[in-house]
Amino acid sequence: MSLAMSGAGLVMIEATAVSRRGRITHGCLGLYSDASEDALGTVLDQARRVALPGTEFGIQLSHAGRKGSAHRPWETPGGSLSGSDAWTTLAPSEIVHRENWALPQAASEEDLDQIAYDFRNAAARAARLGIKVVEVHVAHGYLLHQFHSPLSNKRQDAWGGDAERRMAFPLRVARTVREAAGGIAVGARITGSDWSQDGLMIADATTLATQLKAIGIDYACVTSSGIPVSNPTVANAEDHHPSLAEAVRRESGITTRAVGMITGSQQANDIIGSGQADQVAIGRAFLDDPRWGWHAAFDLSVTLPYPSPYAWAAPGEWSGLKHRTA
Numbered sequence: 001m002s003l004a005m006s007g008a009g010l011v012m013i014e015a016t017a018v019s020r021r022g023r024i025t026h027g028c029l030g031l032y033s034d035a036s037e038d039a040l041g042t043v044l045d046q047a048r049r050v051a052l053p054g055t056e057f058g059i060q061l062s063h064a065g066r067k068g069s070a071h072r073p074w075e076t077p078g079g080s081l082s083g084s085d086a087w088t089t090l091a092p093s094e095i096v097h098r099e100n101w102a103l104p105q106a107a108s109e110e111d112l113d114q115i116a117y118d119f120r121n122a123a124a125r126a127a128r129l130g131i132k133v134v135e136v137h138v139a140h141g142y143l144l145h146q147f148h149s150p151l152s153n154k155r156q157d158a159w160g161g162d163a164e165r166r167m168a169f170p171l172r173v174a175r176t177v178r179e180a181a182g183g184i185a186v187g188a189r190i191t192g193s194d195w196s197q198d199g200l201m202i203a204d205a206t207t208l209a210t211q212l213k214a215i216g217i218d219y220a221c222v223t224s225s226g227i228p229v230s231n232p233t234v235a236n237a238e239d240h241h242p243s244l245a246e247a248v249r250r251e252s253g254i255t256t257r258a259v260g261m262i263t264g265s266q267q268a269n270d271i272i273g274s275g276q277a278d279q280v281a282i283g284r285a286f287l288d289d290p291r292w293g294w295h296a297a298f299d300l301s302v303t304l305p306y307p308s309p310y311a312w313a314a315p316g317e318w319s320g321l322k323h324r325t326a
């Protein structure tokens, strides 16, 4: 509820599994049944009651692939579940995520048909809930990234091999989500780089973004990493995300969003103002400060309406805000 009235223009719901098998952990949000749709609808109804005028809600749809059947990271960092708690994961190829993770099963044609259907089904449910943006997760080492990256996709069929075939399944999913979502916005979170000479590079990202735009995808949120590499080519990947977004924007013409350790209001404003990206996504800064949007508005001399019960905390009503800095 706090994030609903945070002053964000768009509140993105966390990576949401399109099937039970597509979850990361037993604690993950899902949108694959009437019960899960009803439960999410109840939460959204409550959030909309307190949201500031103009705030909309989006959702990120994902399939974990080989990163599924995992421990909740705050309980046991990394690694696969065991025993009756575990489930068999799917991937493009039978390659483990890390040494202490279970060997995934290579997805069959029937598996891929089901996964594409699951994404379509979840997108249709999101549209019924009045969600305004659906984002397909093609990054951070999850299933669609696993198909796109040569580090994890060793198939020699229609879904693997050269760059075009490695893009094929992510594009199939994006296309089916676009069709199921109707008139609402559809985006994709994509990988700007695997930071490995053998992995995805910015040219791969711009090619994918160009193809996504051609099938009607509205924007690309450009991130990086997620597939383990032994010697990454950069020390801190998130420092490079705005420049990755800028390259994708320039080369493909698609609307882009920058993401990753964007914490300050002036930093966010500069990314937009300089043309590096059209949007910024801010995660941990909002978790740390659910009123980040209110404070950013003050820092940038923008008037933001406060909810009536909180009006006494608005600028001009008390002296505390004047001590804040961007």
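If you count by the working numbering, then the sequence shown holds residues 1 to 326, one letter each, in order. Cβ coordinates follow ideal geometry from the N, Cα and C atoms, glycine included.
In the three-state reduction of the DSSP assignment, Ser80 falls in the strand class, which pools E and B. When Lys213, Asp45, Gln60 are compared, the shortest CA-CA separation from Met12 is found for Gln60. According to the DSSP assignment, Ile13 belongs to the beta strand (DSSP E) that extends over 10 to 17. Judged by their CB atoms, Glu238 and Met261 are nearer to each other than the 9 Å cut-off. Shown here, Leu212 sits in a helix according to DSSP, grouped into three states. Taking 4 residues as the minimum length, the alpha helix (DSSP H) runs contained wholly in the region 140 to 185 are 143 to 148, 163 to 181, in order along the chain.
When rounded, the separation of the alpha-carbon atoms in Ile190 and Gly65 is 16 Å.
Three or more beta-carbon pairs drawn from the region 36 to 52 and the region 1 to 16 are found closer than 8 Å, and the two stretches are therefore classed as touching.
In this structure, Trp87 places its C-beta atom within 9 Å of the C-beta atom of Arg20. Fewer than three beta-carbon pairs drawn from the region 223 to 243 and the region 161 to 177 are found closer than 8 Å, and the two stretches are therefore not classed as touching. Of all C-beta pairs linking the region 145 to 165 to the region 180 to 199, three or more are shorter than 8 Å, placing the two stretches in contact. Contact check between the region 87 to 97 and the region 31 to 51: fewer than three CB pairs, one atom from each, fall below 8 Å, which does not count as touching. In the structure shown, Arg257 falls within a strand segment according to DSSP collapsed to helix, strand and coil.
Contact between the region 300 to 317 and the region 276 to 289 is not established, with fewer than three Cβ pairs separated by less than 8 Å. Annotation: Ala163 to Glu179 spans about 24 Å, alpha carbon to alpha carbon. Fewer than three beta-carbon pairs drawn from the region 21 to 33 and the region 285 to 297 are found closer than 8 Å, and the two stretches are therefore not classed as touching. For His137, same chain residues with a beta-carbon under 7 Å away, outside a window of 5 residues either side, are Ala15, Gln60, Leu61, Ser62, Leu144, Arg189 in chain order. Annotation: the continuous alpha helix (DSSP H) that includes Gly273 extends over 265 to 273. Cβ-Cβ distances below 7 Å link Arg155 to Pro92, Ser93, Gly161 in the same chain, with the five nearest sequence neighbours on each side left out; the list follows chain order. With respect to the 9 Å criterion, Gly27 and Arg72 are classified as neighbours on the basis of their beta carbons. Cβ-Cβ distances below 7 Å link Leu103 to Glu94, Val96 in the same chain, with the five nearest sequence neighbours on each side left out; the list follows chain order. A straight line joining the alpha-carbon of Gly79 with that of Trp101 spans about 5 Å. Distance from Gly187 to Asp218 at the Cβ level is roughly 6 Å; contact confirmed, criterion being Cβ atoms closer than 8 Å.
Residue pairing from DSSP leaves Arg284 without any beta-bridge partner.
Pairing Asp204 with Val248, the inter-Cα distance amounts to about 10 Å. Around Pro307, the same chain offers Met5, Val50, Leu52 as residues with beta carbons nearer than 8 Å, after the five sequence neighbours per side are excluded. Between the alpha carbons of Leu208 and Ala235 lies a gap of roughly 25 Å. The criterion of a C-beta distance shorter than 9 Å is not satisfied by Thr263 and Ala297. Judged by DSSP in its simplified three-state form, Arg189 adopts strand. Inside the region 51 to 134, DSSP marks whole beta strand (DSSP E) runs of 3 or more residues at positions 56 to 62, from first to last along the chain. Taking each of Cys221, Ser230, Asp270 in turn and checking the Cα distance to Ile254, the smallest one comes out for Cys221.
Closest option to Met1, judged by alpha-carbon separation, among Gly30, Leu31, Thr42, Leu29: Thr42. Comparing C-alpha distances from Gly83 to each of Pro77, Leu90, Ala70 shows the shortest one belongs to Ala70. Counting along the chain, the unbroken alpha helix (DSSP H) around Val248 starts and ends at 241 to 252.
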